[in-house]
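For reference, the structure is listed below as structure tokens.
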Ligand SMILES: Cc1cc2nc3c(=O)[nH]c(=O)nc-3n(C[C@H](O)[C@H](O)[C@H](O)COP(=O)(O)OP(=O)(O)OC[C@H]3O[C@@H](n4cnc5c(N)ncnc54)[C@H](O)[C@@H]3O)c2cc1C
């Protein structure tokens with residue numbers, strides 16, 4: 045026992061501990077195994093089993109990336125952990141090739157994630173929520189202490205793969221609970237709401253998830269009424285131009301990373317609609333058809349409130365929720381009674397200001413030792429490891445431990461770093477190489493408009 049507190053797993057110091065076993069760290073496990081480095085690694089996962097946003101596993105929803113941009117295929121098309129290997133193992137490869145759709149259903153990709161994760165059971169401890177990370181010198185070695193599930197672990201390096209924090213605007217924060225949920229908690233609560241006879245649900249946000257939740261609610265019960273509230277002028281379409289999609293090429297990561305903070309922010313604003321605050325054409329089309337059909341039948345179940353800024357939420361004596369909102373342009377105020385709210389407002393990147401945070405809450409124990417950028421967020425090296433401040437205590441002659449932010453670095457490394465599968469294969473390569481002490485792979489210079497010579 046260390047300090048007489050928690051049982052310490054002191055028979056070993058891990059080379060790397062992965063916090064979370066979602067897509068980012070699953071991709072890392074594959075890359076570590078390829079390099080023969082998995083033996084001295086362990087992944088600590090809060091949930092009882094591996095999954096992929098299980099509360100958004102909505103019937104009818106599809107994935108939003110090319111399925112071959114999976115954990116590994118772009119790096120190693122012969123990997124046994126690729127999406128095609130999964131389909132072959134499940135006996136669905138030919139059915140998939142016959143599928144008249146560009147993207148498989150989300151349920152299929154969830155199956156793929158679970159199938160790969162199950163092959164790493166020996167390296168994962170489930171039901172192990174990490175609650176603290178601290179940097180400490182123990183027996184003269186600079187280490188990271190990881191507290192999880194009533195135990196303590198020591199590691200030379202850590203890969204934080206928890207996913208970003210949910211973005212909960214301040215007006216919703218005091219009300220979060222069973223009747224006001226973030227999109228990542230949607231499904232299990234929605235099922236309970238229907239059993240409780242909820243009459244009206246409000247969905248906040250104009251993202252892909254917002255539309256998917258509206259469509260799901262409409263199909264869930266014929267009597268439930270839905271109001272959609274979006275800050276902007278209704279549902280916008282994603283920018284899926286192949287030229288914009290170049291942001292998912294490895295070269296773009298260098299291009300973005302090497303830009304000044306001001307230029308990074310400018311790029312982020314310009315490219316925002318490639319993945320955020322916008323939805324795919326197919327779901328927008330479905331929504332439009334529903335709105336038209338409502339006019340034909342006169343049966344109105346869905347109300348769309350665009351340009352709507354929510355100012356206040358209160359509870360009525362009957363336990364309902366009252367939303368007070370203002371039109372962004374006419375300034376007209378309105379009030380809406382509802383029984384439940386889904387906050388589909390995305391996730392937080394590093395930085396300061398609206399919808400941002402300086403660091404992930406799990407990094408609190410490291411925050412004093414971190415270096416920060418002028419935008420208020422933690423500073424991160426090109427290999428995704430946290431930069432420590434000059435004042436951080438260090439052991440002379442020893443490299444500090446590396447704390448990789450695996451899937452949290454959209455502010456420093458650009459699009460595709462947190463909100464997409466597309467670069468998992470690359471990030472896991474870079475982190476594995478950094479762990480091996482190698483120079484991270486150099487990508488060719490980014491030239492978005494240059495085509496390869498035929
Ligand atoms: C609804 C939805 C649909 C999406 N669809 C697509 C898509 O089609 N295509 C695409 O490219 N991208 C999609 N994305 C984005 C994509 O899901 C993410 O890029 C991906 O899930 C990120 O993986 P991750 O491992 O970084 O985080 P997560 O998927 O969030 O996984 C984090 C894991 O860490 C665990 N964890 C969290 N905290 C702790 C802790 N303290 N201790 C231990 N474990 C912890 C969690 O239980 C979880 O298993 C979607 C996102 C959402 C929300």
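In this note's numbering, the protein residues as written are 45 to 498. A virtual CB, placed ideally from N, CA and C, is assigned to each residue, including glycine.
Do residue i and residue j have their CB atoms nearer than 9 Å?
i: residue 402; j: residue 433; result: no
i: residue 211; j: residue 275; result: no
i: residue 427; j: residue 475; result: yes
i: residue 390; j: residue 321; result: yes
i: residue 106; j: residue 145; result: yes
i: residue 138; j: residue 126; result: no
i: residue 388; j: residue 257; result: yes
i: residue 156; j: residue 130; result: yes
i: residue 215; j: residue 238; result: no
i: residue 463; j: residue 319; result: yes
i: residue 242; j: residue 272; result: no
i: residue 355; j: residue 366; result: no
i: residue 364; j: residue 381; result: yes
i: residue 203; j: residue 450; result: yes
i: residue 164; j: residue 152; result: no
i: residue 471; j: residue 208; result: no
i: residue 313; j: residue 251; result: no
i: residue 384; j: residue 244; result: yes
Evaluate residue i with the Cβ neighbour count: other Cβ atoms within 10 Å of its Cβ, from every protein chain shown; 16 or more gives buried, anything less gives exposed.
i: residue 83; result: exposed
i: residue 306; result: exposed
i: residue 485; result: Only weak support is given to the placement of residue 485: the predicted model assigns it a pLDDT of 40, under 50, and the value that follows is read from those uncertain coordinates. When all chains shown are included, residue 485 counts as exposed.
i: residue 143; result: exposed
i: residue 331; result: buried
i: residue 333; result: exposed
i: residue 499; result: No information on residue 499 is available, as it lies outside the stretch 45 to 498 that the chain covers here.
i: residue 56; result: exposed
i: residue 498; result: Bear in mind that the predicted position of residue 498 carries a pLDDT of just 35, short of 50, making it unreliable; the figure below should be weighed with that in mind. Classification of residue 498: exposed, given that the 10 Å Cβ count is below 16.
i: residue 67; result: buried
i: residue 189; result: buried
i: residue 493; result: Annotation note: pLDDT 39 at residue 493 (below 50); position unreliable, coordinate value reported separately. Classification for residue 493: exposed.
i: residue 446; result: buried
i: residue 277; result: exposed
i: residue 45; result: Interpretation of residue 45 is limited by its pLDDT of 43, a score under 50 that renders its predicted location unreliable; no figure is taken from the coordinates.
i: residue 205; result: buried
i: residue 72; result: buried
Please identify the residue among the options whose C-alpha is closest to the C-alpha of residue i.
i: residue 124; options: 78, 370, 268; result: 78
i: residue 191; options: 452, 61, 344; result: 61
i: residue 444; options: 110, 461, 481, 206; result: 481
i: residue 182; options: 454, 437, 479; result: 437
i: residue 503; options: 440, 134, 466; result: This structure cannot speak to residue 503, because the chain is shown only from 45 to 498.
i: residue 228; options: 280, 170, 253; result: 253
i: residue 88; options: 156, 149, 59, 173; result: 173
i: residue 110; options: 255, 431, 467; result: 467
i: residue 297; options: 102, 70, 57, 461; result: 461
i: residue 199; options: 209, 179, 206, 69; result: 179
i: residue 149; options: 133, 121, 103, 164; result: 103
i: residue 327; options: 58, 108, 224; result: 108
i: residue 479; options: 76, 64, 406, 67; result: 76
i: residue 167; options: 147, 74, 209, 132; result: 74
i: residue 376; options: 349, 383, 392, 477; result: 349
i: residue 171; options: 302, 277, 218, 63; result: 63
i: residue 311; options: 114, 116, 457; result: 457
i: residue 452; options: 422, 442, 435; result: 422
i: residue 93; options: 147, 154, 119, 116; result: 154
i: residue 419; options: 368, 304, 405; result: 304
i: residue 114; options: 70, 97, 262, 222; result: 70
i: residue 335; options: 279, 424, 299, 361; result: 279
i: residue 473; options: 90, 91, 294, 246; result: 294
Pull the bridge partners of residue i from the DSSP assignment, please.
i: residue 378; result: 369
i: residue 391; result: 210
i: residue 449; result: 204
i: residue 258; result: Answer by DSSP bridge pairing: none, since residue 258 is not bridged.
i: residue 400; result: 393
i: residue 113; result: According to DSSP, residue 113 bridges with nothing at all.
i: residue 149; result: 106
i: residue 178; result: 189
i: residue 269; result: 244
i: residue 359; result: 365
i: residue 169; result: 88
i: residue 439; result: DSSP, once it has assigned bridges, lists no residue as partnering residue 439.
i: residue 60; result: 85, 201
i: residue 386; result: 225, 247
i: residue 26; result: Nothing can be reported for residue 26: it is not among the residues displayed for the chain, which extend from 45 to 498.
Legend entry - Length-filtered (3 minimum) beta strand (DSSP E) runs lying within the stretch 182-245: 185-192, 195-204, 224-226
Legend entry - Unbroken stretches of the alpha helix (DSSP H), 4 residues or longer, contained in the stretch 275-310: 294-301
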